[in-house]
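*Asks:* Under the numbering used here, the first residue of the sequence shown carries the number 461, and numbering increases by one thereafter. Just so it is clear, CB atoms sit at the ideal spot from N, CA and C, and this is done for glycine as well. I am attaching a structure below and will ask some questions about it afterwards.
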Amino acid sequence: MSELSVLASPRARALGFRWLGVGLATVIAVVTLGLAFTGSLTLYISPESVWFACAAAVVTVAGAIWSCTLPLGEEGDHSHSHGDEHEAEAAPSPHRALSGAAALTGGIVASGVVAAAILLPPASLSVELAMSRVGEQSALFSGADDVTLGVADTSTFGIGEWASVFATATNTTAYDGESVTLTGFVTPTDAEGVNLTRMVITHCVIDAQPATVPVTIDAGEFETGQWVEVTGTVKADADGSLHVDPTSVEAIEEPKDPYEY
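Right, here's the structure in full:
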């Protein structure tokens, strides 16, 4: 008997289709609603997208409940023409066997992803990922247009906006002496001091990029990845570069919302 003979069983095939379609979608929808209820969904998507994700999850669950009223296998009936009944009795071709193996493999991978979403605790993006992406990001983050026009209130700037200023400002002396209070985690730099880093996302963690600003503190004072709150002033160097000169640096726990948007 072929290893894929089980897949040839109409009932087994119908159960597989239902799990890969409605089953996985329902589990993901329930996980999404659970993360939203606990406030952890923002670890994966921006706050502005939470309502859309929850609405989509509710619609998915409603559709799954409706699908349970259909007889098993009804979902795939539309894909067969009435003149093809005799094909069901034909011996499986190598192409059908290969397709069945691919579907089985995809189902196992998808099921593993869903299981990981259920079993693994929500977590923010790792420090290692942030460091691996340094240098790949654009220098422009949210608020960059306001920085260019010179009309932004820098008191509201986070690390993302200041990273844009540090990278693009042509008149750095205009920012010399500006007071800042920034929260981020420590990453190393080739220059003196450390970088204060924060992941900036637009829609979800897939597009996350690290924003960094240099801070003149002893590189050995804090471990890489330690979250800190830095209070100080922006200083312009003679070569036109900018850095943060801190008056206080306090080690803190990772914030509930570790990203900027």
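If you draw a straight line from the C-alpha of Ile712 to the C-alpha of Asp699, how long is it?
*Replies:* 33 Å
*Asks:* Compare the Cα-Cα distances from Thr707 to each of Gly685, Ile677, Thr649, Tyr719 and report the closest residue.
*Replies:* Ile677
*Asks:* For the candidate residues Phe512, Phe617, Thr691, whose alpha-carbon lies nearest to that of Cys664?
*Replies:* Phe512
*Asks:* How about Val675 and Leu656: do their beta carbons lie closer than 8 Å?
*Replies:* yes
*Asks:* Using the Cα positions of Gly483 and Leu495, report the straight-line distance between them to the nearest angstrom.
*Replies:* 19 Å
*Asks:* Which class does Pro454 belong to by DSSP, given the choice of helix, strand or coil?
*Replies:* With the chain covering only 461 through 721, there is no way to say anything about residue 454.
*Asks:* With a Cβ-Cβ cutoff of 8 Å, do Thr684 and Ala623 count as a contact?
*Replies:* no
*Asks:* Alpha carbon to alpha carbon, what distance is there between Gly481 and His546?
*Replies:* With a pLDDT of 47 at His546, under the threshold of 50, the modelled position of this residue cannot be trusted, and the question is left open.
*Asks:* What did DSSP end up calling Glu621 once you bin it into helix, strand or coil?
*Replies:* helix
*Asks:* Kindly give me the distance between the Cβ atoms of Thr492 and Ala522, rounded to whole angstroms, as I take these residues to be in contact under 8 Å.
*Replies:* The pair is not a contact, with the Cβ atoms about 14 Å apart (cut-off 8 Å).
*Asks:* By DSSP, does Ser527 sit in helix, in strand, or in coil?
*Replies:* It is helical.
*Asks:* Enumerate in chain order the residues of its own chain whose CB-to-CB distance from Gly637 is below 6 Å, with the five nearest sequence positions on each side excluded.
*Replies:* These residues qualify, in order along the chain: Thr693.
*Asks:* Between the C-alpha atoms of Thr641 and Leu501, what's the straight-line distance to the nearest angstrom?
*Replies:* Looking at the two C-alpha atoms, the distance is approximately 26 Å.
*Asks:* Taking all protein chains shown into account, do 16 or more other C-beta atoms lie within 10 angstroms of the C-beta of Ile505, making it buried, or fewer, making it exposed?
*Replies:* buried
*Asks:* Ends of the alpha helix (DSSP H) at Thr498?
*Replies:* 484-498
*Asks:* Please state whether DSSP places Phe645 in a helix, a strand or coil.
*Replies:* strand
*Asks:* Where in the region 652-712 do unbroken runs of the beta strand (DSSP E), each at least 3 residues long, occur, reported from the N-terminal end onward?
*Replies:* 654-660, 669-675, 687-696, 702-711
*Asks:* Would you mind working out which of Val510, Gly644, Thr520, Thr630 sits nearest Ile488, comparing C-alpha positions?
*Replies:* Thr520
*Asks:* By Cβ distance below 6 Å, which residues in the same chain neighbour Arg658 in space, the five residues on each side in sequence not counted?
*Replies:* Ile619, Gly644, Ala671, Glu720
*Asks:* Would you please state the rounded distance, in angstroms, between the beta carbons of Val587 and Thr647? I believe it to be under 8 Å.
*Replies:* 7 Å
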